[in-house]
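Next comes the structure, spelled out in structure tokens:
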């Protein structure tokens, strides 16, 4: 071994996270899957000829079968690392983000604002299901017809309207966060009149809807303020957000 | 409360000044005292009011988007209550012109860091 300065390749290999081993992932499954058990949800590792162990996730019409070797590769790319705790956290997050069945969306969905696409410059309404602090969006299955979608959306709006939240004032800025699931904070905009009443009761300026703007970042608390203050708030953050006039809220569409 | 520059336009380029909770409190008290001075120039009063607004907005930004400031604090080792307070050159000048501004705030507003 010499004391030579590492070349670019060696530096890169030091920066790159070590790959997740299938055996380590198998042990993480043994710990995580029983903990995430729920009625109607099947979580198991099965052995299939040719592919080795496969993680099976089945819930109503949704089903995933992922070879552990492929999942280990995906988790490595996501930087899960080789530490047991990190791997358990990454696997837990992966299972929690599984697709939402139609019946679950219909029974427990909540209407929130989400990005319209990856450019993150516009938002629209989606039905999401809260799982472990994350809001998992529902994509209707191919067999969900218009009536199923409309029923799920209507129920999600009712649940969004009923969500309790915490209002915090920072001078001219009102910050609204959903009490139990901060990722659902934008649900309050499903009932803007109710939120406006809360703002007025808290004495937020005169809470004039003609001047009021709301700064929306999906999965984050809402910020409401007069137009100029909202512009200052949203204009000086490097984070993606959308600033909407209060009067424009009814024009937001379902995605 | 105004968030506009005296000429009615947006404040222009805002530069971050990293202030801890104590410094933010002291700056707010000094600005309020300056606004209560009957001799304060109307244009300075607008800029001082905007400094007060920014102190609130800085705290609000950290509630909605806590990650960016947390990353800076992690790298620099600054205390958990240190936030970027973003001021225009005119707002900063109006604050620095306050006669009773504490020397430590003068230094912090001059250097931009705690």
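Protein chains in written order, with the numbering used here: chain A, 221 to 475; chain B, 2 to 115. Using N, Cα and C, we set each Cβ at its ideal position, and we do this for glycine too.
Assigned secondary structure, residue i (DSSP; H/G/I helix, E/B strand, else coil)
i                      : result
residue 78 of chain B  : coil
residue 461 of chain A : coil
residue 252 of chain A : helix
residue 279 of chain A : strand
residue 42 of chain B  : coil
residue 264 of chain A : strand
residue 470 of chain A : helix
residue 102 of chain B : coil
residue 375 of chain A : helix
residue 491 of chain A : Lying outside 221 to 475, the shown extent of chain A, residue 491 of chain A is not represented and no answer is given.
residue 240 of chain A : coil
residue 284 of chain A : strand
residue 14 of chain B  : coil
residue 115 of chain B : coil
residue 67 of chain B  : helix
residue 233 of chain A : Summary for residue 233 of chain A: the model assigns pLDDT 49, below 50, so the residue's position carries little reliability; its value from the coordinates is reported in the next sentence. In this structure, residue 233 of chain A counts as helix in the three-state DSSP scheme.
residue 2 of chain B   : Only weak support is given to the placement of residue 2 of chain B: the predicted model assigns it a pLDDT of 38, under 50, and the question is left unresolved by the model.
residue 475 of chain A : coil
residue 298 of chain A : coil
residue 258 of chain A : coil
residue 28 of chain B  : helix
residue 222 of chain A : Its pLDDT being 39, under 50, residue 222 of chain A is placed unreliably in this model, and the value from its coordinates should be taken loosely. Looking at residue 222 of chain A - three-state DSSP - the assignment turns out to be coil, as it is neither helix nor strand.
residue 7 of chain B   : Unreliable positioning characterises residue 7 of chain B in this predicted model, as indicated by a pLDDT of 39, which lies under 50. A coordinate reading is not provided.
residue 109 of chain B : helix
Proximal chain B residues relative to residue i, where beta-carbon distance stays under 7 Å
i                      : result
residue 340 of chain A : Residues of chain B passing the Cβ test: none, with the nearest at roughly 13 Å.
residue 441 of chain A : 64, 65
residue 424 of chain A : By Cβ distance, chain B contributes nothing, its closest Cβ being about 12 Å from residue 424 of chain A, past 7 Å.
Amino acids of chain B, ordered along the chain, whose beta-carbon sits closer than 8 Å to that of residue i
i                      : result
residue 457 of chain A : 62, 65, 66, 69
residue 306 of chain A : Neighbours of residue 306 of chain A on chain B: none; closest Cβ ~18 Å, over 8 Å.
residue 384 of chain A : What residue 384 of chain A touches in chain B: nothing, since even the nearest Cβ is about 18 Å away.
residue 395 of chain A : 61, 64, 65
residue 388 of chain A : 64
residue 434 of chain A : By Cβ distance, chain B contributes nothing, its closest Cβ being about 11 Å from residue 434 of chain A, past 8 Å.
residue 286 of chain A : Here the premise fails: no neighbours, minimum Cβ distance about 30 Å.
Beta-carbon neighbours of residue i, restricted to chain A and to distances below 7 Å
i                     : result
residue 18 of chain B : Near residue 18 of chain B there are no residues of chain A at all, since even the closest Cβ is about 12 Å away, more than 7 Å.
residue 15 of chain B : 456
Integer-rounded CB distance, given that residue j should sit under 8 Å from residue i
i                      : j                      : result
residue 437 of chain A : residue 459 of chain A : 6 Å
residue 443 of chain A : residue 432 of chain A : At roughly 11 Å, the Cβ-Cβ gap does not stay under 8 Å, so residue 443 of chain A and residue 432 of chain A are not in contact.
residue 333 of chain A : residue 409 of chain A : 6 Å
residue 315 of chain A : residue 277 of chain A : 7 Å
residue 399 of chain A : residue 378 of chain A : At roughly 17 Å, the Cβ-Cβ gap does not stay under 8 Å, so residue 399 of chain A and residue 378 of chain A are not in contact.
residue 347 of chain A : residue 331 of chain A : 6 Å
residue 263 of chain A : residue 345 of chain A : At roughly 30 Å, the Cβ-Cβ gap does not stay under 8 Å, so residue 263 of chain A and residue 345 of chain A are not in contact.
residue 86 of chain B  : residue 20 of chain B  : 5 Å
residue 16 of chain B  : residue 113 of chain B : 7 Å
residue 245 of chain A : residue 291 of chain A : 6 Å
residue 481 of chain A : residue 414 of chain A : Residue numbering for chain A in the displayed model covers 221 to 475; residue 481 of chain A lies beyond these limits and cannot be assessed.
residue 412 of chain A : residue 469 of chain A : 5 Å
residue 307 of chain A : residue 248 of chain A : 5 Å
residue 325 of chain A : residue 358 of chain A : 4 Å
residue 55 of chain B  : residue 88 of chain B  : 6 Å
residue 45 of chain B  : residue 95 of chain B  : 5 Å
Listed by chain order, chain A residues near residue i by CB distance under 8 Å
i                    : result
residue 1 of chain B : An answer regarding residue 1 of chain B cannot be provided, because it is not within the stretch 2 to 115 covered by chain B.
Residues bridged to residue i (per DSSP)
i                      : result
residue 19 of chain B  : B:85
residue 386 of chain A : A:397
residue 274 of chain A : A:266, A:287
Chain B contact residues for residue i, given Cβ-Cβ distances below 9 Å
i                      : result
residue 391 of chain A : 2, 53, 54, 56, 57, 58, 60, 61
residue 437 of chain A : 65, 66
residue 330 of chain A : The premise fails here: residue 330 of chain A is roughly 20 Å from chain B at the closest Cβ pair, so nothing lies under 9 Å.
Partners in chain A for residue i, counting only beta-carbon separations shorter than 9 Å
i                     : result
residue 87 of chain B : 452, 456
Problem - Those runs of the alpha helix (DSSP H) which lie wholly inside the segment 301-367 of chain A and span at least 4 residues - result: Entirely contained in the segment 301-367 of chain A, the alpha helix (DSSP H) runs reaching 4 residues are, in chain order, 304-316, 322-328.
Practice task
Starting from the N-terminal side, write out each stretch of the beta strand (DSSP E) that is 3 residues or longer and does not extend beyond the segment 390-468 of chain A.
Solution key: Correct list: 393-398, 432-436, 442-446, 462-465.
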